[in-house]
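Peer 1:
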Amino acid sequence: MKFEANKPVFLDALQMAGNASPTKTTLQILYNLLLKLEGNTLEIRATDLDMTIVLRLQVEGHEDGEIVINSKKLLEVVKELPDFPVLLSVDEYIVTIKSESGFQCNLTGFDASEYPALPDLGAAKSFHIPLKDFRFLSEKTTFAVSGDYSRMSLTGAYCEFKEGALQMVATDGHRLGKAWTAASGLPAQPGVILPPKALSQILRMSEDPEQVIQVEIGPANARFSTDTIVIFTKLIEGPYPNYENVIPKDFSKQMKGNREHLGSVIRRVATMANAKTKLVVFGFQERQLALSAKNQDLGGDSEESLPVEYSGEPVEVGINANYVLEVFRLIHTEEVQFKFNNPLGAIIVEPVMDKPNYFFIVMPLRILKDGQ
Amino acid sequence: MIFHVDMDAFYASVEQLENPTLRGKPVIVGGVDSLRGVVSSASYEARVFGVHSAMPVQQARRRCPHGIYVPGRHAVYGEYSRRLMDVLSEFSPVLEQVSVDEAFLDMTGTEGLFGQAAESGRGLKAAIRNRLGLTASVGVAKNKFLAKLASDAMKPDGMVVVEPAATQTFLDPMPVGRLWGVGKKTVLELHRVGLYSIAQLRGQSLEILAGNFGDNFAEHLYALARGEDDRDVVTETEEKSISHERTFETDSSDADSLTAVLLDLSERVARRARKDGYSGRTVTFVWRNPDFTRQSHARSLAEPTNSSQTIYASAIALFREVAKPRAGRKFRLIGVRLSNFSQDPQQQSLFQIPKSASNLDAAMDAVRDKFGESSIRRARLADSEAED
Numbered sequence: 000m001k002f003e004a005n006k007p008v009f010l011d012a013l014q015m016a017g018n019a020s021p022t023k024t025t026l027q028i029l030y031n032l033l034l035k036l037e038g039n040t041l042e043i044r045a046t047d048l049d050m051t052i053v054l055r056l057q058v059e060g061h062e063d064g065e066i067v068i069n070s071k072k073l074l075e076v077v078k079e080l081p082d083f084p085v086l087l088s089v090d091e092y093i094v095t096i097k098s099e100s101g102f103q104c105n106l107t108g109f110d111a112s113e114y115p116a117l118p119d120l121g122a123a124k125s126f127h128i129p130l131k132d133f134r135f136l137s138e139k140t141t142f143a144v145s146g147d148y149s150r151m152s153l154t155g156a157y158c159e160f161k162e163g164a165l166q167m168v169a170t171d172g173h174r175l176g177k178a179w180t181a182a183s184g185l186p187a188q189p190g191v192i193l194p195p196k197a198l199s200q201i202l203r204m205s206e207d208p209e210q211v212i213q214v215e216i217g218p219a220n221a222r223f224s225t226d227t228i229v230i231f232t233k234l235i236e237g238p239y240p241n242y243e244n245v246i247p248k249d250f251s252k253q254m255k256g257n258r259e260h261l262g263s264v265i266r267r268v269a270t271m272a273n274a275k276t277k278l279v280v281f282g283f284q285e286r287q288l289a290l291s292a293k294n295q296d297l298g299g300d301s302e303e304s305l306p307v308e309y310s311g312e313p314v315e316v317g318i319n320a321n322y323v324l325e326v327f328r329l330i331h332t333e334e335v336q337f338k339f340n341n342p343l344g345a346i347i348v349e350p351v352m353d354k355p356n357y358f359f360i361v362m363p364l365r366i367l368k369d370g371q
Numbered sequence: 000m001i002f003h004v005d006m007d008a009f010y011a012s013v014e015q016l017e018n019p020t021l022r023g024k025p026v027i028v029g030g031v032d033s034l035r036g037v038v039s040s041a042s043y044e045a046r047v048f049g050v051h052s053a054m055p056v057q058q059a060r061r062r063c064p065h066g067i068y069v070p071g072r073h074a075v076y077g078e079y080s081r082r083l084m085d086v087l088s089e090f091s092p093v094l095e096q097v098s099v100d101e102a103f104l105d106m107t108g109t110e111g112l113f114g115q116a117a118e119s120g121r122g123l124k125a126a127i128r129n130r131l132g133l134t135a136s137v138g139v140a141k142n143k144f145l146a147k148l149a150s151d152a153m154k155p156d157g158m159v160v161v162e163p164a165a166t167q168t169f170l171d172p173m174p175v176g177r178l179w180g181v182g183k184k185t186v187l188e189l190h191r192v193g194l195y196s197i198a199q200l201r202g203q204s205l206e207i208l209a210g211n212f213g214d215n216f217a218e219h220l221y222a223l224a225r226g227e228d229d230r231d232v233v234t235e236t237e238e239k240s241i242s243h244e245r246t247f248e249t250d251s252s253d254a255d256s257l258t259a260v261l262l263d264l265s266e267r268v269a270r271r272a273r274k275d276g277y278s279g280r281t282v283t284f285v286w287r288n289p290d291f292t293r294q295s296h297a298r299s300l301a302e303p304t305n306s307s308q309t310i311y312a313s314a315i316a317l318f319r320e321v322a323k324p325r326a327g328r329k330f331r332l333i334g335v336r337l338s339n340f341s342q343d344p345q346q347q348s349l350f351q352i353p354k355s356a357s358n359l360d361a362a363m364d365a366v367r368d369k370f371g372e373s374s375i376r377r378a379r380l381a382d383s384e385a386e387d
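Line by line, the protein sequences give chains G and S.
Numbering follows numbering that gives the first Met the number 0, with no gaps: position 333 of the first sequence is 332.
Numbering follows numbering that gives the first Met the number 0, with no gaps: position 155 of the second sequence is 154.
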């Protein structure tokens with residue numbers, strides 16, 4: 000194998016591939032990349048067995064071939080090269096990298112047959128989606144993905160076609176994010192659970208927001224592809240909990256307020272909240288919201304009220320301030336709305352807009368007697 | 000008789016003992032290097048200037064500018080504390096360590112060994128002085144509440160014995176704030192209704208107190224004002240857990256009956272937890288093998304619980320993990336323990352235990368509250384004998 004590559008293009012591809020390489024594994028081969036040259040197309044493949052990234056880039060090919068090479072070392076070398084073409088050649092497992100600067104290094108590679116094969120998709124269904132829509136769905140949900148591996152199904156984002164839309168939802172039981180985007184003409188499909196690691200790589204597939212990606216869903220794996228990048232990911236085994244059943248449909252209490260103002264008051268009051276629970280008491284009252292916090296460890300407390308539109312009985316609800324601030328960052332409307340029924344039940348937090356296409360849920364904290 | 004032993008200005012005294020140049024001087028131990036530090040101990044020479052523990056160091060420096068301020072060396076105090084407990088444990092095995100420098104001893108039945116109360120108190124003080132080089136104050140009385148007041152009555156290096164007959168004379172003149180469990184807030188409430196001394200409090204009927212402070216707290220005040228306190232000296236700090244166990248007449252390997260027992264035990268544990276207002280994060284399956292060895296297998300849940308169903312589900316999973324690898328494994332005793340109780344405000348979850356299950360718990364609790372523990376049982380347990 001022998002080729003000449005444009006250094007910045009080669010480096011970009013190696014960096015992207017590096018994202019699929021595991022940081023720690025007992026399977027040594029996974030610390031490597033598979034390079035494969037056919038004509039002027041160089042394919043770079045990396046995998047941690049859960050996710051596989053395949054990149055294709057144009058190079059000046061001299062001699063077809065393939066080799067397995069240490070991912071970190073190759074990246075480290077190419078990063079340090081000047082912006083001249085990079086010449087890579089393989090002779091009997093010895094990979095030689097040369098630059099016009101006069102630099103030259105040799106590194107021993109392995110036989111390509113030792114590298115794990117590509118996952119088998121099986122019978123897959125396929126559809127297309129603009130990357131920007133996928134980004135929207137992913138951004139509104141992945142923050143809520145659970146890190147608790149005793150409930151595997153919650154460690155990914157649930158994706159399904161329903162009511163003429165592609166929906167994505169994620170929850171750790173304490174927060175939930177849900178978003179959907181119109182996707183007409185799509186066949187109804189059973190939902191799949193996508194791992195967050197794959198989601199974040201899919202978002203990096205292109206910088207062009209109009210880029211359309213092809214999605215193929217198989218029984219155990221999914222494939223996301225453009226002309227130059229293919230990402231395979233294992234699906235997380237379900238079933239995903241029936242989250243729709245636990246979301247109330249009717250609400251006896253509703254509050255509307257200015258997002259920025261509300262956010263700044265919550266941040267101020269939360270400075271005196273318990274460092275671990277971040278408990279802020281939301282006192283919903285007619286025309287105003289009274290926020291307060293206490294910190295027994297410091298012997299501190301804080302409070303501030305602000306005008307809001309509220310309909311319902313006056314009630315006090317304990318909420319982790321960080322949960323609210325986190326979803327405020329994902330809302331882009333001037334006004335936000337809270338909808339709930341009782342101090343221990345789900346609180347819907349959503350943008351105030353025509354036909355909203357996303358919402359969040361924050362679960363409250365039970366307030367102990369002394370307000371802590 | 001109950002003894003309360005309280006070291007005099009413990010940290011400061013240790014510093015004076017270890018560094019002779021500090022003796023006879025005002026020594027203040029605490030967060031002396033930080034702006035917000037507080038005094039954790041002040042020698043009696045420093046207390047003359049109005050310095051006391053829990054006071055901000057800044058304030059102490061104003062009151063006693065020539066004092067010697069030293070940062071705390073907790074590893075050293077811990078070592079002295081351990082030696083103190085060693086000495087105390089030679090006097091009675093029923094020893095409850097309250098803090099690093101404070102302990103209760105139940106000396107009942109030791110008269111033959113150490114003599115009457117005053118005599119054994121003097122022996123105890125002498126032993127601490129000889130073995131540690133430090134002084135302690137000792138209070139002797141019929142219960143913990145009085146013993147603690149007594150040790151405080153003649154500090155430092157004091158000893159007060161409150162004979163049962165002298166209880167009221169000892170208590171009556173004290174302000175209500177000295178009562179165990181009465182803090183600043185309650186003191187103000189007591190003052191508001193004109194009660195300043197324990198004698199005045201003792202003059203109130205239980206009904207009147209209940210009207211002001213609620214049944215439970217009124218009973219507490221009523222008893223303390225009469226010098227009554229039935230708390231035991233607890234040798235080990237109570238492990239914060241709730242557990243139920245069952246020993247079999249003959250070792251059992253029958254999965255059906257074992258799981259039925261687990262269900263019953265889980266329910267009892269859950270019921271106690273709900274009654275006492277606890278939620279635990281860890282469920283443990285405990286067992287005794289035919290050779291009497293005791294073992295346990297535990298798992299922590301994502302969220303604290305007191306639901307019968309959740310505790311049972313965890314217990315059964317743990318049981319299967321233990322029993323499965325060895326078919327026919329016999330158990331002499333099995334038990335279920337709930338621990339790791341949550342004190343935090345409880346984070347609510349979208350996926351709480353199904354409503355029907357928690358409603359069932361509530362309904363069964365209500366029936367049991369009214370008609371007794373064996374008044375209602377799960378059908379699965381209908382044949383098993385009630386053991387209440």
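Even glycine gets a Cβ: it sits at the ideal position worked out from N, Cα and C.
Return the residue from the list G:HIS260, G:LEU80, G:LEU26, G:LEU193 that minimises the CA-CA distance to SER145 of chain G.
Peer 2: Nearest C-alpha to SER145 of chain G: G:LEU193.
Peer 1: For GLY108 of chain G, I'd like the list of residues in its chain whose CB is within less than 6 Å of its CB, leaving aside the five on either flank, ordered along the chain.
Peer 2: ILE66, VAL67, ILE68, TYR92, VAL94
Peer 1: I believe GLU236 of chain G touches MET151 of chain G by the beta-carbon criterion, under 8 Å. Please report the beta-carbon distance rounded to the nearest angstrom.
Peer 2: 6 Å
Peer 1: Let me know if LYS354 of chain S comes out buried or exposed under the rule of 16 or more other beta-carbons within 10 Å of its beta-carbon.
Peer 2: Residue confidence is low: LYS354 of chain S scores 48 on pLDDT, short of 50, so the model does not pin down where it sits. Its coordinate-derived value is still stated next. The residue is exposed, with fewer than 16 neighbouring Cβ atoms inside 10 Å.
Peer 1: Which word fits LYS139 of chain G, buried or exposed, when buried means at least 16 other C-beta atoms lie within 10 angstroms of its C-beta?
Peer 2: buried
Peer 1: Where THR249 of chain S and ASN321 of chain G are concerned, what is the direct C-alpha to C-alpha distance, given to the nearest angstrom?
Peer 2: 55 Å
Peer 1: Among the residues of its own chain, which have a CB less than 6 Å from the CB of PRO55 of chain S, if the five just before and after it don't count?
Peer 2: Excluding positions up to five away in sequence, the list reads VAL37.
Peer 1: Out of curiosity, what's the CA-to-CA distance linking ARG62 of chain S and LEU34 of chain S?
Peer 2: 16 Å
Peer 1: Which runs of the beta strand (DSSP E) spanning at least 3 residues fall entirely within the segment 248 to 293 of chain G, listed in chain order?
Peer 2: 252 to 257, 278 to 284
Peer 1: Below 8 Å CB to CB, which residues in the same chain sit around ARG367 of chain S once its five sequence neighbours on both sides are set aside?
Peer 2: Taken in chain order, the residues that qualify are ARG270, SER374, ILE375.
Peer 1: Hey, quick one: how far does the beta strand (DSSP E) through PRO306 of chain G stretch, first residue to last?
Peer 2: That run of the beta strand (DSSP E) goes 299 to 306.
Peer 1: Just verifying my parser: in three-state terms, what is the DSSP assignment at PRO303 of chain S?
Peer 2: strand
Peer 1: Could you work out which residue in G:PRO84, G:ALA122, G:GLU75 is closest to LEU106 of chain G when comparing CA atoms only?
Peer 2: G:GLU75
Peer 1: Hey, VAL77 of chain G and LYS1 of chain G: beta-carbon distance below 8 Å or not?
Peer 2: no
Peer 1: Can you find a C-beta in chain S that's less than 8 Å from the C-beta of GLU243 of chain G?
Peer 2: No Cβ of chain S is located within less than 8 Å of the beta carbon of GLU243 of chain G.
Peer 1: CA-CA distance, LEU10 of chain G and LEU117 of chain G?
Peer 2: 23 Å
Peer 1: Excluding the 5 residues flanking GLN346 of chain S on each side, which residues of the same chain have their C-beta closer than 8 Å to its C-beta?
Peer 2: GLU302
Peer 1: Decide if CYS104 of chain G is buried, meaning its Cβ has at least 16 other Cβ atoms within 10 Å, or exposed.
Peer 2: CYS104 of chain G comes out exposed.
Peer 1: What three-state label does DSSP hand ILE228 of chain G in the structure shown?
Peer 2: strand
Peer 1: Could you tell me the distance, in whole angstroms, from the CA atom of VAL191 of chain G to the CA atom of GLU37 of chain G?
Peer 2: 35 Å
Peer 1: Return the Cβ separation of SER251 of chain G and GLY311 of chain G in integer angstroms, given the expectation that the two are a contact with Cβ distance under 8 Å.
Peer 2: 6 Å
Peer 1: Consult DSSP for ARG293 of chain S and reduce its assignment to one of helix, strand or coil.
Peer 2: ARG293 of chain S: strand per DSSP, three-state reduction.
Peer 1: Report the neighbours of SER348 of chain S on chain G: residues whose CB is nearer than 8 Å to its CB, in chain order.
Peer 2: Result: GLY172, HIS173, MET362.
Peer 1: Closest Cβ-Cβ distance between ALA146 of chain S and chain G: below 8 Å?
Peer 2: no
Peer 1: Is it true that the CB of VAL285 of chain S sits closer than 8 Å to the CB of LEU337 of chain S?
Peer 2: Against a cut-off of 8 Å, the Cβ pair of VAL285 of chain S and LEU337 of chain S comes out as no contact.
Peer 1: Taking beta-carbon pairs under 8 Å, can you tell me which members of the segment 330 to 347 of chain G lie near chain S?
Peer 2: LEU343, GLY344, ALA345
Peer 1: Going along the chain, which residues of its own chain have a beta-carbon closer than 7 Å to the beta-carbon of ASN39 of chain G, five neighbours each way excluded?
Peer 2: GLN57, VAL58, GLU59, GLY60
Peer 1: Just checking my contact of PRO84 of chain G with GLU99 of chain G at CB under 8 Å: how many whole Å lie between their CB atoms?
Peer 2: 7 Å
Peer 1: Where does PHE281 of chain G land, buried or exposed, given buried means 16+ other C-beta within 10 angstroms?
Peer 2: Buried, by the Cβ-count rule.
Peer 1: Between GLN57 of chain S and chain G, is there a C-beta pair that is closer than 8 Å?
Peer 2: no
Peer 1: Provide the residue(s) that pair with MET50 of chain G in DSSP beta bridges, ordered along the chain.
Peer 2: G:THR232
Peer 1: Using the three-state DSSP reduction, which class does ARG225 of chain S fall into: helix, strand or coil?
Peer 2: coil
Peer 1: Return the first residue and the last residue of the alpha helix (DSSP H) that LEU198 of chain G is part of.
Peer 2: Its alpha helix (DSSP H) spans residues 195 to 201.
Peer 1: Decide yes or no for the touch test of the segment 0 to 20 of chain S against the segment 99 to 117 of chain S: beta carbon pairs closer than 8 Å, at least 3 of them.
Peer 2: yes
Peer 1: Is TYR309 of chain G helix, strand or coil when you go by DSSP?
Peer 2: strand
Peer 1: Between the alpha carbons of GLY157 of chain S and GLU188 of chain S, how many angstroms are there, rounded?
Peer 2: 33 Å
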